[in-house]
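In my numbering, each residue's number is its place in the sequence shown (first place is 1) plus 266. Idealized CB from N, CA, C, for every residue including glycine. Note that the coordinates shown come from a computational prediction; the quantities given were computed from them, not determined experimentally.
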Amino acid sequence: MSELTMERLKNNLESLKMRNTLEILDNYLERAVREQLNIVEVLDYIFSEEADNRRRQAYEKQVQLSGFPIKKTLSDFDFSFQPSLDRRQIEELATMRFVWNAENVIFLGPPGVGKTHLATALGLVAAQHRFSMYYINCHTLIEQLKKSHYENRLPDRLRTLGKYKLLIIDEIGYLPMDIQGANLFFQLIARRYEKNSTIFTSNKTFSQWNDVFADVTIASAILDRVLHHATVINIKGESYRLKERKEFMKQKQQIVNTLYERNA
Ligand SMILES: Nc1ncnc2c1ncn2[C@@H]1O[C@H](COP(=O)(O)OP(=O)(O)O)[C@@H](O)[C@H]1O
Ligand SMILES: [Mg+2]
């Protein structure tokens with residue numbers, strides 16, 4: 267290949283933004299000649315590498331923009347610690363069928379049982395499937411919606427939040443909501459209803475949602491839409507945070523005992 271051809275090839279790769287190919291080209295061409303690869307093998311390798319690289323970059327960017335407080339996966343989750351949880355049900359959710367079907371998922375349970383962990387892990391799977399997704403804490407969501415309302419930007423904000431294929435609304439009910447907040451929340455739920463999936467987490471039972479949303483009528487309108495097509499996962503176990511804390515305290519005590527015995 268003449269130097270001119272090589273330069274033109276590289277310029278074209280640059281303008282086509284095939285950065286991965288540009289990087290591997292010199293080494294790979296040498297290998298292709300050495301191993302006498304045919305043209306189809308060469309093209310297959312180059313385009314597979316380029317496509318993989320683009321998928322990886324898109325995933326990383328999506329995760330970076332998603333607003334996750336933790337980035338834990340399903341394989342980081344210890345199912346044996348939470349026997350009330352049906353592992354197959356979580357694995358079914360990880361197929362992303364619920365996202366294709368615009369269904370919701372609700373994780374209920376006391377603090378520390380892994381609600382945020384599981385919601386986030388499903389969000390990461392969604393990102394691998396190239397679904398647009400976003401994580402937001404419920405209190406922050408309401409604050410943002412109120413701000414948008416006062417700045418006359420509410421329709422834009424609702425449109426943006428309405429479009430994510432998967433929205434994760436974490437910690438419903440940790441902080442009380444006023445009627446205006448509940449109304450704004452309802453508008454978002456109504457907009458996403460049967461169009462896109464939402465994962466909710468809450469430490470409150472559904473019967474307590476009446477208090478969370480300040481008004482019984484709004485609460486039942488919200489619950490009606492949220493639960494129409496939904497998988498509810500009630501986690502009834504112990505807090506993993508407490509388990510970690512107990513283990514930490516036990517280890518600390520063992521070290522103190524050893525030191526004490528040594529000095530005795
Ligand atoms: N079964 C589990 N296996 C591994 N880590 C867990 C498990 N449950 C919870 N955790 C971890 O414990 C911490 C608290 O879990 P989190 O999901 O924030 O609880 P919740 O949202 O229910 O309050 C996180 O660091 C999470 O990764
Ligand atoms: Mg949480």
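Distance, residue j Cα to residue i Cα
| i | j | result |
| --- | --- | --- |
| M399 | A385 | 12 Å |
| R396 | E301 | 36 Å |
| K512 | Q519 | 10 Å |
| E273 | V299 | 19 Å |
| R458 | L411 | 15 Å |
| D548 | W475 | Here the chain covers residues 267 to 530 and nothing more, so residue 548 does not appear. |
| F347 | G378 | 12 Å |
| I312 | R423 | 41 Å |
| F514 | I521 | 11 Å |
| I488 | A456 | 8 Å |
| S486 | K429 | 24 Å |
Any non-hydrogen atom of ligand 1 within 7 Å of residue i CB
| i | result |
| --- | --- |
| Q348 | yes |
| T382 | yes |
| N336 | Note on residue identity: the sequence assigns Ile, not Asn, to residue 336. I336 Cβ: within cutoff of ligand 1. |
Neighbour-count burial assignment, residue i, 16 or more Cβ in a 10 Å radius
| i | result |
| --- | --- |
| A392 | buried |
| W366 | exposed |
| Y526 | exposed |
| Y556 | The chain is shown from 267 up to 530; residue 556 falls before or after that span and cannot be answered. |
| E326 | exposed |
In DSSP terms, what residue i is bridged to
| i | result |
| --- | --- |
| T497 | V371 |
| T464 | L433 |
| Y506 | BP columns for Y506 are empty, so no partner. |
| M399 | L432 |
Closer than 7 Å: residue i CB and nearest ligand 2 heavy atom
| i | result |
| --- | --- |
| E289 | no |
| T464 | no |
Residue from the options whose Cα sits closest to the Cα of residue i
| i | options | result |
| --- | --- | --- |
| L441 | F343, K431, N469 and Q328 | N469 |
| L351 | G503, V522 and A530 | G503 |
| L454 | F472, E437, T483 and P421 | P421 |
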